[in-house]
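What follows is one structure encoded as structure tokens, with my remarks underneath.
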Amino acid sequence: MRRHTRRPRIETIALLVILGLLAGGDVAAHSKDREAKLSLKAGGLDGPILSNGDTTLTNASISQGTLKIEAARATVTRKDSEVTRVVLEGSPASLQQENDDGVLMRAQAHRIDYDTGKETVLLTGEVFISQGRDEFRGERVNYDTRNGRITGTGGEGGRIELIINPKPRKTAD
């Protein structure tokens, strides 16, 4: 298991931006996304909407501005009128969002678990994250948002893969 104390160039943590939108947190996101309407479509809904407890959406599509989330199952846990956890599950669950520079971040995993109390995002099961030209693959990625620490593993005997492509050369006119 390899620990990284610096944030990698590929912004794995852009996931916090996305999940932060759902959780109502003050994390940096595409500046216009917070102003956009939140659209939620689901095949089913079970649980309280605005009160404490678990609310589960099945066959969920969530969008707000450039944010797009698809999950077979999305569970939002509220306690004391605050979102404490968001779990996205699917084969895979996926999300994407553009930053203010128009660079697209995409992430896929069988399970994406954002715990607001622990301030962690855990992605498990065939994890794939891309931002711009860069990519990350692994079986398990844990991001501690308090200290910026990322821990990744490749699964049984596997390895993680991080691809950081060079910037294209500027051509002279």
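Going left to right, the sequence shown walks through residues 96 to 268 as my numbering numbers them.
Glycine included, C-beta positions come from ideal geometry on N, C-alpha and C.
From a predicted model like this one, the values you see are computed outputs, not experimental measurements.
Give the single residue among Gly185, Thr172 and Glu184 whose Cα lies nearest to the Cα of Leu145.
Translated into positions along the sequence shown, residue 145 becomes position 50. Looking at the Cα atoms, Thr172 is the closest of the given residues.
Tell me which same chain residues have a C-beta within less than 6 Å of the C-beta of Arg168, skipping the five on either side of it?
On the sequence shown, position 73 is the one that residue 168 refers to. Cβ neighbours of Arg168 beyond the five flanking positions: Thr153 and Glu184.
Please report the Cβ distance between Arg228 and Asn260, rounded to the nearest whole angstrom; I am assuming they are in contact, meaning their Cβ atoms lie under 8 Å.
Here residue 228 refers to the residue found at position 133 of the sequence shown. Here residue 260 refers to the residue found at position 165 of the sequence shown. 4 Å between Cβ atoms; contact.
Note the first and the last residue of the continuous beta strand (DSSP E) segment covering Lys163.
Walking along the sequence shown from the start, residue 163 turns up at place 68. That run of the beta strand (DSSP E) goes Leu162 to Lys174.
Is the beta carbon of Arg180 sitting closer than 8 Å to the one on Asp210?
Here residue 180 refers to the residue found at position 85 of the sequence shown. Here residue 210 refers to the residue found at position 115 of the sequence shown. Closer than 8 Å, so yes.
Between Leu190, Asn242 and Ser126, which has its C-alpha nearest Met200's C-alpha?
Within the sequence shown, residue 200 is the residue found at index 105, counting from 1. Looking at the Cα atoms, Leu190 is the closest of the given residues.
Only counting the same chain, and skipping five residues up and downstream in sequence, which positions put a Cβ closer than 6 Å to that of Gly273?
As displayed, the chain neither begins before 96 nor continues past 268, which places residue 273 out of reach and without an answer.
Apart from the five residues just before and just after Thr170, which ones in its own chain have a Cβ nearer than 6 Å to its Cβ?
What you label residue 170 is simply residue 75 of the sequence shown in a count that begins at 1. Within the same chain, Thr170 has close Cβ partners Asp149, Thr151 and Val182.
Out of Gly212, Glu214, Val178 and Val236, point me to the one whose CA is closest to Gln203's CA.
Reading the sequence shown from its first residue, position 108 is the one you call residue 203. Of Gly212, Glu214, Val178 and Val236, the residue nearest in Cα terms is Val236.
Across which residues does DSSP place Lys136 in a beta bridge pair?
As a first step, residue 136 is located in the sequence shown; it is residue number 41 there, counting from the start. Lys136 pairs with Ser156.
Is it right to say Thr266 is buried, meaning 16 or more other beta carbons lie within 10 angstroms of its own, or is it exposed?
As a working note, residue 266 is residue 171 in the sequence shown. Exposed, since its Cβ has fewer than 16 Cβ neighbours within 10 Å.
Pull up the DSSP beta-bridge partners for Ser225, would you.
As a position in the sequence shown, residue 225 is number 130, starting the count at 1. Paired residue(s): Arg201 and Glu230.
Rounded to whole angstroms, how far is the Cβ of Ile258 from the Cβ of Glu230, which I believe are closer than 8 Å?
Residue 258 sits at position 163 when you count from the first residue of the sequence shown. Residue 230 sits at position 135 when you count from the first residue of the sequence shown. About 4 Å separates the CB atoms of Ile258 and Glu230; that is less than 8 Å, so the two are in contact.
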